[in-house]
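Visitor:
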Amino acid sequence: MIKIGICEDDIDCRESIKKLLELSLVQVGVECEVKEYDSGTEFWIRNQETDILILDIEMDGMSGIELKDRLAREREDIKILFVTNHAEVMSEAFGKNVYGFLQKPLQQAKFEKYLRRMMEDMEENESLVIKGANEELLIKIKSIFYFVSEDKYSRVVSAGGRFFCDRSLGQWEQELKEQAFFRCHKCYLVNLRNIQKIESVIRMSNGDQVPVSRRRGREFKNSYQEYIIRKAR
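Plus 38 on top of the position in the sequence shown (first one is 1) and you've got the working numbering.
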């Protein structure tokens with residue numbers, strides 16, 4: 039579950055952001071936990087686990103810019119989206135993990151665009167635990183090219199090499215159905231992120247060629263097109 043914080047000292051603005059966030063989460067289709075903070079100081083003191091922070095630049099006490107600088111030093115994994123009434127202060131707010139700036143009143147389309155981008159980047163950095171015959175490996179999802187079936191088991195092909203998995207291709211398909219993977223053939227599950235070109239076969243970015251079954255060809259192309267459109271938003 040993704041944890042989102044809203045840090046805004048104006049209660050009306052905070053409620054407005056919360057309602058917009060709820061609408062956007064329906065569109066994005068991701069389960070989240072939302073927490074509210076009425077100051078940068080409160081957010082810092084409570085020190086709660088947070089993946090995404092929607093942060094007002096100008097607040098009494100610790101400003102959004104001051105909080106951003108502290109987070110960059112000590113909690114650099116938090117993704118920040120700034121909101122403000124004054125465009126002229128935006129130049130001071132650039133920094134690590136700052137994804138953008140929205141002027142009040144917020145527009146839902148722009149808000150969703152940033153939200154999708156932050157969530158997709160979180161997804162890109164997730165890892166899978168691969169259990170082999172005698173070892174366990176932690177492999178980043180974005181480094182995986184494809185899985186190939188080996189009877190009741192499978193093998194993962196990644197930037198780090200080829201590794202045996204004690205799970206079937208069907209099990210991986212179920213686990214990764216929300217992670218931009220597609221079962222293009224009864225023996226192959228490909229990572230849409232790492233496709234280089236689609237011809238009569240799929241050319242992966244590592245140079246490997248993966249077959250596409252006739253039965254799944256059209257659905258595969260539609261899924262890949264949807265993925266490309268989603269990434270381009």
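All C-beta atoms, glycine included, are put in the ideal place defined by N, C-alpha and C. Being a predicted model, the structure only gives us computed values, none of them experimental.
1) Can you give me the Cβ contacts of Glu218 inside the same chain, cut-off strictly under 7 Å, excluding the 5 residues immediately before and after it?
2) Work out the CA separation of Ile233 and Phe132 for me, nearest whole Å.
3) To the nearest angstrom, report how far apart Lys169 and Arg52 are at their CA atoms.
4) Just the Cα atoms here: how many angstroms apart are Trp82 and Ile92?
5) Could you say which of Arg113, Lys106, Glu69 and Arg111 lies nearest to Val121 if we only look at CA atoms?
6) For Met39, which residues from the same chain have a beta carbon less than 7 Å from its beta carbon, with the 5 sequence-adjacent residues on both sides left out?
7) Taking the alpha-carbon positions, what's the Ala197 to Arg111 distance?
8) Taking the alpha carbon of Met160 as the point to measure from, which residue in Arg221, Asp50 and Asp89 has its own alpha carbon closest?
9) What does the Cβ neighbour count give for Ser165, buried or exposed, with the cut at 16 atoms within 10 Å?
10) How far does the alpha helix (DSSP H) with Glu60 in it reach, from first residue to last?
11) How far does the alpha helix (DSSP H) with Leu91 in it reach, from first residue to last?
12) Compute the Euclidean distance between the alpha carbons of Leu262 and Ile240, then round it to the nearest angstrom.
13) Would you identify the three-state DSSP class for Ile177, choosing helix, strand or coil?
14) Assess, as a yes-or-no matter, whether the stretch 44–61 is touched by the stretch 95–103 under the definition of 3 or more beta carbon pairs within less than 8 Å.
15) Quick one: is Lys117 buried, meaning 16 or more other Cβ sit within 10 Å of its Cβ, or exposed?
16) Residue range of the beta strand (DSSP E) that Phe185 falls in?
Guide: In short:
1) Per the sequence shown, residue 218 should be read as Ala rather than Glu. Cβ neighbours of Ala218 beyond the five flanking positions: Asn229, Leu230, Arg231 and Tyr265.
2) 33 Å
3) 44 Å
4) 14 Å
5) Lys106
6) Glu69, Cys70 and Glu71
7) 30 Å
8) Asp89
9) exposed
10) Ile49 to Val66
11) Taken as a continuous stretch (DSSP letters only), Leu91 belongs to no alpha helix (DSSP H), being part of the beta strand (DSSP E) at Ile90 to Asp94.
12) In the sequence on display, residue 262 carries Tyr and not Leu. Answer to the nearest angstrom: the Cα atoms are 11 Å apart.
13) strand
14) yes
15) buried
16) Ile182 to Glu188
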